[in-house]
Amino acid sequence: MIISLPEDVNCIIEELEKRGHEAYAVGGCVRDVYMGRTPHDWDITTSAEPDEIKEIFRKTIDTGLKHGTVTVRMHGESYEVTTYRIDGEYEDGRHPKEVKFTKSLEEDLKRRDFTVNAMAYNCTKGLVDLFDGKEDLEKKVIRCVGDPKERFTEDALRMMRAIRFSAQLGFSIEEKTYDAIKELAPTLDRISAERIREEMMKLLTSDEPEKFRLFYDTGLTKVFMPEFDVCMQTPQNTKHHDKNVGEHTLFVLGGVKNTPVLRLAALFHDIGKPGKRTTDEAGNDHFYKHPLLSEDLTKDIMNRLKFDNDTKYRVCKLVLYHDERPALNEKSVRRSMAKLGADCFPDMYYLKEADIKGQSAYKREEKLKNLETYRRLCEEVFEKQQALSVKDLKITGKDLLEIGIPQGKELGATLKRLLDAVIEDPEKNERETLLGMARQKV
146 MIISLPEDVN CIIEELEKRG HEAYAVGGCV RDVYMGRTPH DWDITTSAEP DEIKEIFRKT
206 IDTGLKHGTV TVRMHGESYE VTTYRIDGEY EDGRHPKEVK FTKSLEEDLK RRDFTVNAMA
266 YNCTKGLVDL FDGKEDLEKK VIRCVGDPKE RFTEDALRMM RAIRFSAQLG FSIEEKTYDA
326 IKELAPTLDR ISAERIREEM MKLLTSDEPE KFRLFYDTGL TKVFMPEFDV CMQTPQNTKH
386 HDKNVGEHTL FVLGGVKNTP VLRLAALFHD IGKPGKRTTD EAGNDHFYKH PLLSEDLTKD
446 IMNRLKFDND TKYRVCKLVL YHDERPALNE KSVRRSMAKL GADCFPDMYY LKEADIKGQS
506 AYKREEKLKN LETYRRLCEE VFEKQQALSV KDLKITGKDL LEIGIPQGKE LGATLKRLLD
566 AVIEDPEKNE RETLLGMARQ KV
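In my numbering, each residue carries its 1-based index in the sequence shown increased by 145.
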């Protein structure tokens, strides 16, 4: 296999070789090129130690000298150059106790996680594939380098990475690797919320987000999201559904557009259903007010995984209102849009569409037809530029202050009253009309 290395990468490798060192492109970049994908980053591994790397290149950044990594700057781009190393004992399932530099490429490659990430390449030696990573790429399988129990004991996050790569690459997971994940899943509790969130999001925004179920099947969600386990065990005995709550959720995950907010909203939209399940005398299940509980649980989970406030706000809005079905007229839809917030469209439409398609065939065509009417009415509201929030009103708080309405609660209440009136009748959104209405309460 011949790989066309970027000019800068080849230059770095050649400069290191000129001075008697070994150097290779390594890891995910080699994997991606072999698969015909464009690498996001090019990593380089070398027998040169950090001080030697810094002597060779004019512009460097001390990225992680303790772990042997120096960032080389070239033509405005950054390239991580890391010394061959042997990781010492992992005491906490996250970090090696110590790192030892080595002159052996084999020793460096054998510490890596998966065979498809343990290949190295340079134009002099060609492909170095000591663990049959190329064969695993052709078989489309994720397999640990060496003993999977050792790899996962070293860093428990690798269990999530195995499943994430499976989703990103469309690969299966080799049997021993999979069994080791199931055995060691409880040790994921050693990993920080931030690292878990990052791996989860990489899977959710992959081409196969429904592989989230592998987190459940292997026992990993029991550690970082036990609420989902309950969903996978909650039936929906109703003519509107032919899947349990969890299976329905996985279907919806695969049916929404690939954005972080939509994929999260799909994951969480029914997370409160188990807690709201009731069964009537005829054996039919009901989930009254489940969006309220779903929103509460979504906040809890996203706080636990340390999501940023903006993402949390947008996801929670979609979860809270995903099941709302306003009357199909402009006024009712306008009220619904004002409550949800204009910034949540068209995400709400996409979530509702996937939700319906993930239900049973009962009245599906009718539901989709109604949803299309809802979408059209929403678009008409936008096209007419009808007011949906206080900032859309033809007056401001300053205007109200000038006519004598005091700053504070009364000012806010007046703006809300005027917005409610305009949502009922958009023609009232004229400056003089609004001022007249405001004066009636002065």
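Note that beta-carbon positions come from the ideal geometry of N, C-alpha and C, so glycine has one too.
Close-in-space but distant-in-sequence residues of the same chain around residue i (CB under 6 Å, 5 per side omitted)
i, result
"residue 267", "158 and 169"
"residue 560", "535"
"residue 418", "390, 432 and 435"
"residue 351", "312 and 313"
"residue 504", "385 and 386"
"residue 297", "303, 304, 325 and 329"
Whole-angstrom C-beta distance between residue j and residue i, which should lie under 8 Å
i, j, result
"residue 409", "residue 349", "7 Å"
"residue 312", "residue 326", "Wrong, their Cβ atoms sit about 14 Å apart, outside the cutoff."
"residue 188", "residue 225", "5 Å"
"residue 395", "residue 355", "5 Å"
"residue 229", "residue 255", "About 11 Å separates the two Cβ atoms, so there is no contact after all."
"residue 538", "residue 579", "6 Å"
"residue 479", "residue 531", "6 Å"
"residue 397", "residue 500", "6 Å"
"residue 333", "residue 373", "Actually they are not in contact, since the Cβ atoms of residue 333 and residue 373 sit about 14 Å apart, beyond 8 Å."
Alpha-carbon spacing of residue i relative to residue j, whole angstroms
i, j, result
"residue 416", "residue 379", "11 Å"
"residue 587", "residue 566", "Caution applies to residue 587, whose pLDDT of 47 falls short of 50 and renders its modelled position unreliable; the value that the coordinates give is listed next. If you take the alpha carbons of residue 587 and residue 566, they lie about 17 Å apart."
"residue 262", "residue 463", "37 Å"
"residue 474", "residue 522", "7 Å"
"residue 300", "residue 149", "32 Å"
"residue 151", "residue 280", "25 Å"
"residue 482", "residue 277", "55 Å"
"residue 502", "residue 365", "28 Å"
"residue 291", "residue 175", "20 Å"
"residue 448", "residue 343", "14 Å"
"residue 601", "residue 428", "With the chain represented from 146 up to 587, any question about residue 601 goes unanswered, as that position is not in the structure."
"residue 570", "residue 582", "13 Å"
"residue 340", "residue 190", "24 Å"
"residue 375", "residue 529", "44 Å"
"residue 568", "residue 304", "51 Å"
"residue 452", "residue 527", "30 Å"
"residue 553", "residue 542", "10 Å"
"residue 204", "residue 272", "28 Å"
"residue 392", "residue 510", "21 Å"
"residue 172", "residue 183", "13 Å"
"residue 454", "residue 444", "10 Å"
"residue 105", "residue 212", "The first residue shown for the chain is 146 and the last is 587, placing residue 105 beyond what the model contains."
"residue 260", "residue 295", "14 Å"
"residue 465", "residue 516", "18 Å"
"residue 363", "residue 329", "9 Å"
"residue 574", "residue 220", "55 Å"
Exposed unless 16 or more other CB atoms sit within 10 angstroms - verdict on residue i
i, result
"residue 147", "exposed"
"residue 264", "buried"
"residue 557", "exposed"
"residue 592", "The structure shown does not extend to residue 592, since the chain is modelled only from 146 through 587, so no value can be given for it."
"residue 546", "exposed"
"residue 253", "buried"
"residue 585", "exposed"
"residue 345", "buried"
"residue 548", "exposed"
"residue 437", "exposed"
"residue 423", "exposed"
"residue 497", "buried"
"residue 425", "exposed"
"residue 181", "exposed"
"residue 440", "buried"
"residue 576", "exposed"
"residue 400", "buried"
"residue 167", "buried"
"residue 495", "buried"
Close-in-space but distant-in-sequence residues of the same chain around residue i (CB under 8 Å, 5 per side omitted)
i, result
"residue 196", "none"
"residue 164", "193, 197 and 201"
"residue 317", "285, 286, 287 and 311"
"residue 456", "405, 406, 409 and 447"
Neighbourhood of residue i by C-beta distance below 7 Å, restricted to the same chain and skipping five residues each side
i, result
"residue 322", "287, 288, 289, 293 and 307"
"residue 403", "350"
"residue 319", "286, 287 and 288"
"residue 210", "195"
"residue 246", "194, 213, 228, 229 and 230"
"residue 489", "459, 462 and 463"
Any chain D beta carbon closer than 7 Å to residue i
i, result
"residue 347", "Protein chains in the displayed structure number just one, and chain D is not present."
Length at least 3, wholly inside the segment 210 to 298: the beta strand (DSSP E) runs in chain order: 214 to 219, 222 to 228, 230 to 232, 244 to 246, 265 to 267 and 271 to 273
Segments assigned alpha helix (DSSP H), at least 4 residues, entirely inside the segment 441 to 518: 454 to 466, 475 to 485 and 492 to 502
3 or more residues per run - each beta strand (DSSP E) lying fully within the segment 553 to 577: none
Sequence ranges, beta strand (DSSP E) only - wholly within the segment 308 to 338, length at least 3: Counting only unbroken stretches of 3 or more residues, no beta strand (DSSP E) element lies wholly within the segment 308 to 338.
Completely contained alpha helix (DSSP H) runs for the segment 382 to 409, where each covers 4 or more residues: 390 to 398
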